[in-house]
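Peer 1:
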Amino acid sequence: METNSVDKIDYDKRPVVSIIIPARNEENVIRKTVLNCLAQTYDKIEVLIVCHNCSDNTYEQAKYPDKRVRAFELKTEEAGKGIALNFGVDNSNGDYILVLDSDGRLDKDFVTNSLPLFTDGCAAVQGNIDASNREYNLLSRLLALEGDLFSFPFMAVRSFLNRRTPLGGTGFIIKKDILVNAGKFSNSLIDDFELSFRLYKQGYEIVFAPLSRVSDEKPPIIEIMMKQRARWLKGHIDLLRHRMAEPTDVIGVIYWLSPVFSTCGLISVGVASFAVIFYLFFGYYPYVFAHVPFVTWLVLMASINALYLTLLRYKKEVNNLRNAGYSLFLTPFSTYWYVVLVKSFFVKSWSNTKTIHGFEAPSKNTN
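Throughout, my numbering is defined as the position within the sequence shown, counted from one, plus 343.
1. Taking the alpha helix (DSSP H) that G425 belongs to, which residues open and close that run?
2. Run through the region 467–555 for me and flag every whole alpha helix (DSSP H) of 4 or more residues, listed as ranges in chain order.
3. Exposed or buried, N476, counting other C-beta atoms within 10 Å across all chains shown (16 or more means buried)?
4. Locate the beta strand (DSSP E) running through H395, then write down its first and last residues.
5. With three or more beta-carbon pairs closer than 8 Å as the criterion, would you say the region 360–373 touches the region 394–401?
6. In whole angstroms, give me the CA-to-CA distance for I362 and D433.
7. Which value, in whole angstroms, describes the spacing of the CA atoms of V614 and I549?
8. Compute the distance between the beta-carbons of Q383 and T455, then report whether it is under 9 Å.
9. Sort out for me which residues DSSP pairs V360 with in a bridge.
10. Skipping 5 residues on each side, what residues in its chain have a beta carbon closer than 6 Å to that of T415?
11. If you draw a straight line from the alpha carbon of L488 to that of S670, how long is it in whole angstroms?
12. According to DSSP, is D581 part of a helix, a strand, or is it coil?
13. Can you check whether the CB of F493 is closer than 9 Å to the CB of N471?
14. Out of P408, N524, L554, G578, which has the shortest C-alpha to C-alpha gap to V468?
15. If you run the structure through DSSP and keep just helix, strand and coil, what is S706?
16. So, is K418 buried or exposed, given that buried needs 16 or more other C-beta atoms within 10 angstroms?
17. Secondary structure at A414, three-state DSSP: helix, strand or coil?
18. From T606 to P590, what distance separates their C-alpha atoms?
19. If you follow the alpha helix (DSSP H) that Q404 is part of, which residue opens it and which one closes it?
20. Spatial neighbours of I567 within its chain, please: C-beta separation below 8 Å, excluding the five flanking residues on both sides.
21. Could you pull the DSSP bridge partners for D444 from this structure?
22. Are there three or more Cβ pairs, one per stretch, closer than 8 Å when the region 427–442 is compared with the region 503–518?
23. State the Cα-Cα distance for the pair S348 and V359, rounded to the nearest angstrom.
24. From this set, A645, Y630, V631, which residue's C-alpha is nearest F637's C-alpha?
25. Give the C-beta separation of D534 and G447 to the nearest angstrom, bearing in mind that I take them to be a contact with Cβ-Cβ under 8 Å.
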């Protein structure tokens with residue numbers, strides 16, 4: 344009898360985790376996301392869905408007959424994910440806040456695996472972001488592979504070196520008291536990036552949890568992909584005016600200044616392209632410019648692709664011949680960021696770059 348009493352006390356002392364889902368016109372996916380949250384093995388949770396400026400049936404679909412689920416209909420003049428998140432934080436009862444996008448899918452042990460990673464000085468735990476619609480079409484496969492070979496290694500290395508993993512916008516848990524004391528979420532286009540560096544400056548750590556997996560949809564349509572990534576890049580550009588990273592944080596500085604490096608890359612491509620076009624018309628180059636010898640370039644490309652193949656070996660879901668072939672196209676595919684850079688200067692707000700979700704069923708069509 345005493346054992347049962349102790350077990351009951353231990354159970355009651357477990358912290359409450361508030362899962363906050365900001366949603367705008369997500370009637371296609373929100374019910375599945377809510378049901379997915381309720382399947383967590385850690386059951387001391389509440390699920391708050393903030394239906395922000397919706398013009399469809401998101402609010403109706405978000406409501407579910409479970410006492411742990413609360414749906415809110417929020418109307419504001421200003422758009423932005425940060426507004427919805429802060430509303431959710433203000434109405435939450437949890438000790439921890441789990442941020443999940445409306446298309447997110449948590450592994451059932453996500454919370455169970457994440458909470459033990461909170462130690463002294465740790466403000467947040469970022470989960471391992473995977474693709475839920477990897478096999479939808481060629482574009483979704485390439486974007487998923489891009490995450491496998493770029494985002495995952497970056498998160499892992501950053502966490503290993505200095506426990507400063509950047510928050511990924513979805514699938515992360517943060518201590519509520521630290522979040523509130525830090526000023527909660529900003530309404531910038533990349534609130535996760537901005538909050539990450541704010542926490543770093545206050546001396547907090549963010550760790551990466553590779554076993555806590557969250558899946559989201561990769562845009563399977565080029566137009567949607569361009570809008571999404573243009574918003575991300577515009578958010579980075581907006582924050583260039585602020586000192587985001589400390590001078591001693593070398594990786595953080597590189598991450599913060601990535602739009603500058605992208606701009607320099609675009610300018611160099613433009614300079615070289617103009618010279619080639621000029622040569623085709625007039626038979627000579629208008630100026631002399633330095634270039635990488637072909638053999639050096641070939642060795643560099645071979646080394647990059649060897650690295651890709653090595654990284655693929657560490658993820659059994661993608662360690663196959665087909666993905667090895669796709670990885671060979673990632674370098675030329677990544678030049679789409681130059682187009683994104685140009686488009687980013689035309690991004691005005693969240694409202695005109697909303698990512699459409701609901702592309703989960705496999706398709707034989709490719710882009």
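In this text, a Cβ means the ideal position worked out from N, Cα and C, and glycines have one as well. Predicted model only: the values in this text are computed from it and were never measured.
Peer 2: Taking the geometry as given:
1. Residue mapping note: residue 425 aligns to position 82 of the sequence shown, counting from 1. 424–433 is the span of the alpha helix (DSSP H), which, as asked, contains G425.
2. 481–489, 495–505, 519–524, 534–544
3. By 1-based counting over the sequence shown, the position of residue 476 is 133. The residue in question, N476, is buried, as its Cβ has 16 or more Cβ neighbours within 10 Å.
4. Sequence index remark: in the sequence shown, residue 395 carries index 52 (1-based). Residues 388–395.
5. At 8 Å Cβ cutoff, the stretches touch.
6. Translated into the one-based positions of the sequence shown, residue 362 becomes position 19. Translated into the one-based positions of the sequence shown, residue 433 becomes position 90. About 13 Å.
7. The sequence position of residue 614 within the sequence shown is 271, counting from 1. The sequence position of residue 549 within the sequence shown is 206, counting from 1. Approximately 40 Å between the Cα atoms of the pair.
8. Position 40 of the sequence shown, counted from the first residue, corresponds to residue 383. Position 112 of the sequence shown, counted from the first residue, corresponds to residue 455. Contact: yes.
9. The count along the sequence shown starts at 1 and reaches residue 360 at position 17. I388, Y439.
10. For the purposes of this step, residue 415 is taken as residue 72 along the sequence shown, with counting starting at 1. It should be pointed out that residue 415 corresponds to Phe in this sequence rather than to Thr. Only V393 meet the Cβ criterion.
11. Start at 1 with the first residue of the sequence shown, and residue 488 comes out as number 145. Start at 1 with the first residue of the sequence shown, and residue 670 comes out as number 327. Distance between the alpha carbons of L488 and S670 is about 7 Å.
12. Here residue 581 refers to the residue found at position 238 of the sequence shown. Helix at D581.
13. For the purposes of this step, residue 471 is identified with residue 128 of the sequence shown, where counting begins at 1. For the purposes of this step, residue 493 is identified with residue 150 of the sequence shown, where counting begins at 1. Not in contact: N471 and F493 (Cβ atoms no closer than 9 Å).
14. As a working note, residue 468 is residue 125 in the sequence shown. Looking at the Cα atoms, L554 is the closest of the given residues.
15. The residue labelled residue 706 in the question sits at position 363 within the sequence shown. Legend: pLDDT at S706 = 46, less than 50; position of this residue unreliable, no value from coordinates given.
16. Numbered from 1 along the sequence shown, position 75 holds the residue referred to as residue 418. It is exposed - the Cβ of K418 has fewer than 16 other Cβ atoms within 10 Å.
17. Locating residue 414 in the sequence shown gives position 71, counting from the first residue. In the structure shown, A414 sits in a strand (DSSP, three-state: E or B).
18. Looking up residue 606 in the sequence shown gives position 263. Looking up residue 590 in the sequence shown gives position 247. Approximately 21 Å between the Cα atoms of the pair.
19. In the sequence shown, counting from the first residue as 1, residue 404 sits at position 61. Looking at the DSSP string, the run of the alpha helix (DSSP H) that includes Q404 is 401–405.
20. By one-based count along the sequence shown, residue 567 stands at place 224. The answer, listed in chain order, is T698, I699.
21. On the sequence shown, position 101 is the one that residue 444 refers to. Partner(s): none; D444 has no beta bridge.
22. Yes: the two stretches touch, three or more of their Cβ pairs being nearer than 8 Å.
23. By one-based count along the sequence shown, residue 348 stands at place 5. By one-based count along the sequence shown, residue 359 stands at place 16. In this prediction, S348 scores a pLDDT of 46, lower than 50, which makes its location untrustworthy; the coordinate-derived value is nonetheless stated afterwards. Going from the Cα of S348 to the Cα of V359 covers about 20 Å.
24. In the sequence shown, counting from the first residue as 1, residue 637 sits at position 294. Looking at the Cα atoms, A645 is the closest of the given residues.
25. On the sequence shown, residue 534 is found 191 positions in, with the first residue counted as 1. On the sequence shown, residue 447 is found 104 positions in, with the first residue counted as 1. Not a contact, Cβ separation roughly 16 Å.
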